[in-house]
Every structure is written in C-alpha cells, then in structure tokens.
C-alpha cells in the first residue's frame with residue numbers, strides 16, 4: 218500500500234484526497250546541479266524535513 222494511503226487509512230493524520238495523491242506518488246528533487254554550480258547544500262535531508270513536519274503536528278511514527 219502506498220505511503221499516503223497507509224497513514225491516512227491508519228488515521229494518524231486527516232489528509233485531503235489531494236494530499237493523499239501527492240504523498241502516494243511523491244516528488245523528487247535532484248539538488249546536484251545547485252550543489253555543483255552554486256555550492257548550495259540542503260539544510261535538511263528528506264527524512265529530517267518529514268520528521269520536523271510530523272513533530273510540528275505532534276505525530277509520532279515510532
């Protein structure tokens with residue numbers, strides 16, 4: 218089962234249909250060009266950003 222549907226079905230967070238679709242199919246961003254061209258380094262990893270999002274909503278996945 219895709220991630221978006223699994224956490225929505227589990228009742229952890231109340232997602233809209235649009236949000237479930239977004240999480241189900243996800244998005245990918247390659248920051249390699251920004252890193253090599255401008256020396257930009259992302260402040261957070263994907264996992265760290267998601268954990269921060271959950272923490273602000275007071276949701277635990279442990």
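In the numbering used here, the protein residues as written are 218 to 279.
Using N, Cα and C, we set each Cβ at its ideal position, and we do this for glycine too.
Spatial neighbours of residue 259 within its chain, please: C-beta separation below 7 Å, excluding the five flanking residues on both sides. 248
Could you tell me whether any Cβ in chain D is nearer than 9 Å to the Cβ of residue 232?
-> The structure shown contains no chain D, having only a single protein chain.
- Query: Would you report the Cα separation of residue 253 and residue 239, rounded to the nearest angstrom?
  - Reply: 29 Å
**Prompt:** Anyone know if the C-beta pair for residue 257 and residue 251 falls short of 9 Å?
**Reply:** yes
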